[in-house]
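Chemist: Order-wise, the sequence lines are chains A and B.
Taking this note's numbering, I'd label the letters of the first sequence as residues 1 to 310.
Taking this note's numbering, I'd label the letters of the second sequence as residues 1 to 383.
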Amino acid sequence: MIDIGFLASLLASSIRAGTPLLYATLGEIITERSGVLNLGLEGIMITGAFTGFAVSLATGNPWLGVLCGGLAGMLLALVHAFFSITLKANQSITGLMLVLLGLGITGFLGRNYIGEVAFYLDPVKIPILSDIPLIGQVLFNQDPLAYLALILAAILWFILFRTRYGLEIIAAGEKPEAADSMGVNVDKVRYISTLFGGLLVGIGGAYLSLAYAKLWTEGMTAGRGWICLALVIFSGWMPQRAILGAYLFGGLDVLSFKLQATGVGISYHLMKMVPYVVTIVVLLFSVIRKRAAFGAPAALGIPYVRGRKE
Amino acid sequence: MKGKFLVLIVLAVLAAGLLAGCAGEEGKQTTTTTPTPEKTTTAEGKKELKAAFVYVSPIGDAGWTYSHDLGRQYIERVYGVKTAYAENVAEGGDDERVIREFAEQGYDVIFTTSFGFMDATITVAKDFPDTIFEHCSGYKTAENVGTYFGRMYQARYLTGIVAGAMTKTNKIGYVAAVPIPEVIRGINAFALGVKKVNPEAKVYVVWTGTWYDPAKEKEAAISLIDEGCDVIAQHQDSPAAQQAAEERGVYSIGYHSDMSKFAPNAHLTAAMWNWSVIYSYIIEQVMQGTWKSEEIWWGIDKGVVALAPFNDAVPEDVRKMVEEEKEKYLNGEVPEQYPFVGPIYDQQGNLVKAEGEVMTDEELLSMSFFVDNVVGEIPAASE
């Protein structure tokens with residue numbers, strides 16, 4: 001019952017289900033690392049999903065759809081950045097507003113798109129490698145965006161922890177006044193991080209409608225934006241750990257289906273809870289252990305005003 | 001100064017955005033009138049009849065609410081009834097307010113189209129004794145509240161015959177939403193159809209616990225296909241399971257409406273709703289002044305449920321078999337409860353109904369067991 005085939009099927013599904021989570025989580029990690037808390041992931045994701053679908057339908061080019069989905073996410077992130085960085089407004093409220101805005105607007109504009117058939121991204125088999133048993137099916141028979149997410153995670157890890165610019169982002173999130181005195185333009189760094197974060201979250205949404213479910217319906221993100229906020233905490237604001245987290249959460253999401261399909265009775269109610277329970281456990285850990293390993297950026301969610309001590 | 005100006009601009013943009021958002025909300029409660037000149041000339045025909053519909057989900061393009069909305073459009077077109085609807089109404093939340101508002105606005109008939117609207121419908125009906133209420137799929141009635149539903153299991157049974165005949169692996173997958181009697185009944189009827197033509201085949205059930213998460217529904221279908229299922233049926237609103245079947249090159253059975261657009265090669269047929277039959281009947285009764293509270297539960301003989309056109313892949317003998325079984329309903333050869341006629345065994349092999357015994361409507365409406373060729377469990381602690 002639980003054999004190689006089962007394992008391959010489960011792992012392949014975990015990556016599929018985890019990829020949209022990975023994009024959004026990476027985006028939010030970059031945003032939060034610079035000190036900006038964007039709670040609007042759910043709204044940005046659904047906007048990316050809708051925009052991507054609509055553009056793919058209109059142009060016949062799913063890649064253009066993915067790009068525009070990302071740009072739409074960036075646009076919403078710009079609203080958030082403007083409020084939280086330029087106007088120093090309460091970041092939680094702007095973020096939550098984005099959720100309502102995104103869900104509302106896509107629900108309204110998207111009603112004529114429900115039931116349409118657009119152009120989608122299909123899995124690309126990597127020659128030779130995809131023939132390796134187990135690993136081939138799991139790792140080398142995914143769609144291009146899934147591969148790209150992994151590469152992206154590696155690049156972001158490199159930028160954050162191995163480059164000077166990464167240091168500036170982290171400094172803006174940890175000690176903005178120190179960064180400022182070192183000549184870092186905190187607002188600019190935060191703007192760029194927030195916009196880039198929005199881009200990735202939007203692409204995560206477009207992945208849902210163009211590569212995964214391959215259709216558009218109202219509210220199809222179904223809470224994934226919130227899951228990603230938990231995933232950011234789970235991964236301790238580290239891109240490399242986000243890979244693990246996203247695939248793990250994706251896997252937990254589909255595990256109950258896999259077990260049921262083999263005839264193992266399992267309560268989906270229980271399975272639905274697991275990701276949240278895991279997050280709470282990780283949160284507990286982050287409190288118990290020293291914050292360097294698990295903790296949030298010290299200035300997360302706090303607007304930076306030059307010369308004012310928070 | 002410059003800063004203030006900037007703030008103003010932002011506020012203006014935001015206001016525009018919010019307005020657009022609100023427009024979206026408002027757009028959901030749309031009143032549509034058909035300017036059709038042909039008025040029905042019944043005794044009460046002078047006064048224009050107004051009917052309101054309360055929907056649990058967005059109308060969309062393929063699901064439950066969509067099928068009801070087709071019925072709404074039908075009575076508007078054919079009977080010149082003025083209709084209004086509210087979609088995406090939360091069960092046990094906004095429902096009572098929405099129903100009450102329609103009643104206050106003087107709608108003559110109010111259709112509430114989800115099981116969860118039952119108590120709200122009854123509550124509001126008490127305060128508006130002159131308004132007619134019709135609740136879909138429930139069991140509570142009153143002087144001015146009737147219920148209506150369709151015997152979808154009959155169509156499910158027929159699609160099960162198709163699935164049973166077409167499977168090569170003898171494993172048939174069924175992606176199910178939540179374990180309520182309607183869903184369980186559909187699975188059992190489907191499985192009995194499978195058994196009729198293929199006693200070897202088993203129906204594998206995967207519960208998703210969702211109605212509206214297409215990504216998950218697709219993943220559930222893929223899980224079944226990976227386990228060797230070569231026909232996928234569904235009780236879901238979205239066509240995601242159909243698409244999974246299309247991508248993986250297996251067959252599928254649609255639900256709610258003809259879903260062949262999403263899976264032109266996979267989609268063998270679908271069990272479909274045709275609510276216009278019941279809506280027409282109720283509206284005619286109201287127009288003639290002969291309406292009374294009834295518990296309508298009609299089947300394939302009245303056309304409330306039907307099958308979508310067959311895929312070319314379905315061979316002639318299978319079509320003929322389905323037609324013959326369908327004919328039995330039409331000419332009254334079998335009771336309405338068919339295929340729930342003994343012998344019926346549950347998963348543990350217990351005899352639930354002896355040879356020739358017919359399950360009662362009450363037993364059908366509260367069904368909570370799987371028949372013996374279903375693999376899977378019914379999760380506990382659910383309505």
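Quick reminder that beta carbons are idealized off the backbone N, C-alpha and C, glycines included.
The model shown is predicted, which means the values in this text are computed figures rather than measured ones.
Taking the alpha carbon of Lys82(B) as the point to measure from, which residue in Ser238(B), Leu49(B), Val304(B) and Ile99(B) has its own alpha carbon closest?
Modeler: The shortest C-alpha separation from Lys82(B) is found at Leu49(B).
Chemist: Which runs of the alpha helix (DSSP H) at least 4 residues long sit entirely within the stretch 155–240 of chain B? Give them in chain order.
Modeler: Counting only runs of 4 or more, we get 181–197 and 214–226.
Chemist: Does the distance from the CB of Tyr345(B) to the CB of Thr217(A) come in under 9 Å?
Modeler: Result no, Cβ atoms of Tyr345(B) and Thr217(A) do not sit closer than 9 Å.
Chemist: Does the stretch 153–173 of chain A touch the stretch 28–40 of chain A, meaning 3 or more C-beta pairs lie closer than 8 Å?
Modeler: As far as the Cβ criterion goes, the stretch 28–40 of chain A touches the stretch 153–173 of chain A, which means the pair count is three or higher.
Chemist: Can Ala242(A) and Leu57(A) be called in contact, C-beta distance under 9 Å?
Modeler: Cβ distance not < 9 Å, so Ala242(A) and Leu57(A) don't count as in contact.
Chemist: Does the separation of the CB atoms of Trp72(B) and Phe133(B) fall below 9 Å?
Modeler: Inspection of the sequence shows that residue 72(B) is occupied by Arg rather than by Trp. No, these two residues do not count as a Cβ contact at 9 Å.
Chemist: Verify the CB distance criterion: does Tyr268(A) have a CB-CB separation below 9 Å to chain B?
Modeler: So, interface residue.
Chemist: Taking only runs that begin and end inside the stretch 304–335 of chain B, name each unbroken alpha helix (DSSP H) of 4 or more residues, in chain order.
Modeler: Listed in chain order, they are 316–330.
Chemist: Could you compute how far the alpha carbon of Glu42(A) sits from the alpha carbon of Gly60(B)?
Modeler: If you take the alpha carbons of Glu42(A) and Gly60(B), they lie about 21 Å apart.
Chemist: May I have the straight-line CA-CA distance separating Val197(B) from Lys302(B), to the nearest angstrom?
Modeler: So the alpha carbons of these two residues sit roughly 25 Å apart.
Chemist: Tell me whether Phe369(B) sits in a helix, a strand or coil according to DSSP, three-state version.
Modeler: If DSSP states are grouped into helix, strand and coil, Phe369(B) belongs with coil.
Chemist: Between which two residues does the beta strand (DSSP E) carrying Tyr251(B) extend?
Modeler: Its beta strand (DSSP E) spans residues Tyr251 to His256.
Chemist: Using a Cβ cut-off of 9 Å, which residues of the stretch 262–279 of chain B contact any Cβ in chain A, in chain order?
Modeler: Listed by position along the chain: Phe262.
Chemist: How would you label Ala12(B), buried or exposed, when you count the other beta carbons within 10 angstroms and need 16 or more for buried?
Modeler: Any reading at Ala12(B) is ruled out, since the residue's pLDDT is 49, under 50, leaving its predicted position unreliable.
Chemist: Identify, in the order they occur along the chain, each residue of the same chain with its Cβ nearer than 7 Å to the Cβ of Ser223(B), setting aside the five sequence neighbours on each side.
Modeler: Once the five neighbours on either side are set aside, the close Cβ partners of Ser223(B) are Val206.
Chemist: So which of Phe369(B), Met359(B), Asn331(B) and Pro335(B) has the shortest CA-CA distance to Asp349(B)?
Modeler: For clarity, residue 349(B) is Gly in the given sequence; the question names Asp instead. Nearest of Phe369(B), Met359(B), Asn331(B) and Pro335(B) to Gly349(B), Cα basis: Phe369(B).
Chemist: Can you name the residues of chain A whose CB is closer than 8 Å to the CB of Ile283(B)?
Modeler: Correct list: empty, because the minimum Cβ distance to chain A is about 26 Å.
Chemist: Taking 8 Å as the threshold, find out whether the stretch 154–170 of chain B comes into contact with the stretch 119–134 of chain B through three or more Cβ pairs.
Modeler: Touching, no, given that fewer than three Cβ pairs across the two stretches are closer than 8 Å.
Chemist: Could you pull out every residue in the same chain whose Cβ sits closer than 6 Å to the Cβ of Pro127(A), ignoring the five residues on either side in sequence?
Modeler: Cβ within range, chain order: n/a, list empty.
Chemist: So within the stretch 32–84 of chain A, which uninterrupted beta strand (DSSP E) runs reach at least 3 residues, ignoring any that extend past its ends?
Modeler: DSSP runs (the beta strand (DSSP E)) wholly in the stretch 32–84 of chain A: none.
Chemist: What are the boundary residues of the alpha helix (DSSP H) that Leu121(A) is part of?
Modeler: Per DSSP, Leu121(A) belongs to no alpha helix (DSSP H) and is neither H nor E.
Chemist: Along the stretch 219–246 of chain A, where does the CB come closer than 7 Å to a CB of chain B? Name the residues.
Modeler: If the cut-off is 7 Å between Cβ atoms, the stretch 219–246 of chain A has Gly219, Met220 and Ala222 near chain B.
Chemist: Skipping 5 residues on each side, what residues in its chain have a beta carbon closer than 8 Å to that of Lys353(B)?
Modeler: Hits under 8 Å: Phe340, Val341, Gly342, Pro343, Ile344 and Met359.
Chemist: What first and last residue would you give for the alpha helix (DSSP H) that runs through Trp157(A)?
Modeler: Pro144 to Arg162 is the span of the alpha helix (DSSP H), which, as asked, contains Trp157(A).
Chemist: Beta strand (DSSP E) containing Phe149(B): first to last residue?
Modeler: Looking at the DSSP string, the run of the beta strand (DSSP E) that includes Phe149(B) is Val145 to Gly150.
Chemist: Is the beta carbon of Val66(A) closer than 9 Å to that of Tyr207(A)?
Modeler: Taking 9 Å as the Cβ cut-off, Tyr207(A) and Val66(A) qualify as a contacting pair.
Chemist: Would you kindly report the start and end of the unbroken alpha helix (DSSP H) that includes Met220(A)?
Modeler: From DSSP, Met220(A) is part of no alpha helix (DSSP H); its letter is neither H nor E.
Chemist: Any contact between the stretch 262–276 of chain B and the stretch 307–316 of chain B? By contact I mean 3 or more CB pairs, one from each, below 8 Å.
Modeler: Segments in contact, yes.
Chemist: Roughly how many angstroms lie between the CA atoms of Asp253(A) and Ser14(A), to the nearest whole one?
Modeler: Roughly 8 Å between the two C-alpha positions.
Chemist: So if DSSP puts Met272(B) in a beta bridge, which residue, or which two residues, is it bridged to?
Modeler: Met272(B) pairs with His256(B) and Ala306(B).
Chemist: Tell me where the alpha helix (DSSP H) around Tyr247(A) begins and ends.
Modeler: First-last of the alpha helix (DSSP H) with Tyr247(A): Pro239 to Ala261.
Chemist: Establish whether the CB of Glu182(B) and some CB of chain A are separated by less than 9 Å.
Modeler: Not an interface residue.
Chemist: For Ser57(B) and Asp237(B), which I take to be in contact (beta-carbon distance under 8 Å), what is that distance rounded to the nearest angstrom?
Modeler: Indeed, because the Cβ distance is near 7 Å, the residues count as touching under 8 Å.
Chemist: Per DSSP, what are the beta-bridge partners of Cys317(A) in this structure?
Modeler: Shown here, chain A extends from 1 to 310; a query on residue 317(A) therefore has no answer.
Chemist: Is any beta-carbon of chain A found at less than 9 Å from that of Gln450(B)?
Modeler: In the structure as shown, chain B starts at 1 and stops at 383, and residue 450(B) therefore has no counterpart that could be examined.
Chemist: Counting C-beta neighbours from all protein chains within 10 Å, is the total for Ala213(A) 16 or more, i.e. buried, or is it exposed?
Modeler: Classification of Ala213(A): buried, given that the 10 Å Cβ count is 16 or more.
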